[in-house]
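> Would you mind keeping the following structure in view while I ask a few things?
In our numbering, the protein residues as written are 5 to 213.
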């Protein structure tokens, strides 16, 4: 028997917002003592190495965690945001540009937005499944039109709130200021983020956590 173990694209500790000090917030290993995050009061790590490895992505979360704690945010909201944060602002802005090209009629095929008929969703151009890529996450679910209207509206509203939270509490969007233009304005990129977070929340509604 051959077992395949795949590391999750992202994960959130179940007790993340209630000061879980028994597991590393980067690798999830059990810890005794640990090293605290220097930018928030929630995250603990095995050692300096794990804290350093987590720093780039976790820095976007520092100022928003008190909000999530105060409002008792659902784990699925944290996961949806972490997916976006891990993919990164630059990669997602490039994805936004690709979608704009397609909408404007400047592209005929795209593995994310307009795949060929023989494309297997989640596999890259070489036919390889890469669990560290955002591509399989993006194509993980495709039944958005089948959910009840009330649930769909609630999901979009939640995605708008999370996008605003990301904008107001981090430099996620500000890091791209030099690249915004009349063709690629920030407000449209934020709308694109709303659509991605909403899509991520659908995955989590399906029990994929």
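For each residue, glycine too, the CB sits at the ideal point set by N, CA and C.
1. Could you tell me which whole alpha helix (DSSP H) segments of length 4 or greater appear in the region 129-181?
2. Are residue 179 and residue 93 closer than 7 angstroms when you measure CB to CB?
3. CA-CA distance, residue 113 and residue 40?
4. Buried or exposed for residue 200, please, with buried defined as at least 16 other CB atoms from any protein chain shown within 10 angstroms of its CB.
5. State whether the region 82-89 contacts the region 124-137, with contact taken as three or more CB pairs (one from each stretch) at a distance under 8 angstroms.
6. Kindly confirm or deny that the region 74-81 and the region 50-63 touch, where touching means at least three C-beta pairs closer than 8 angstroms.
7. So what does residue 39 bridge to, in DSSP terms?
8. Of all the options 25, 42, 43, which has the alpha carbon lying nearest to the alpha carbon of residue 35?
9. What three-state label does DSSP hand residue 105 in the structure shown?
10. Just the Cα atoms here: how many angstroms apart are residue 12 and residue 106?
11. How would you label residue 95, buried or exposed, when you count the other beta carbons within 10 angstroms and need 16 or more for buried?
12. Buried or exposed, going by whether 16 or more other CB atoms sit within 10 Å of the CB of residue 211?
Taking the definition as stated:
1. Qualifying alpha helix (DSSP H) stretches, in chain order: 138-142, 153-173.
2. yes
3. 46 angstroms
4. Burial state of residue 200 is buried, judged by a 10 Å Cβ sphere holding 16 or more other Cβ atoms.
5. no
6. no
7. 49
8. 25
9. helix
10. 30 angstroms
11. exposed
12. Per-residue confidence for residue 211 stands at a pLDDT of 44, beneath the threshold of 50, marking its modelled position as unreliable; the derived number appears in the next sentence. When all chains shown are included, residue 211 counts as exposed.
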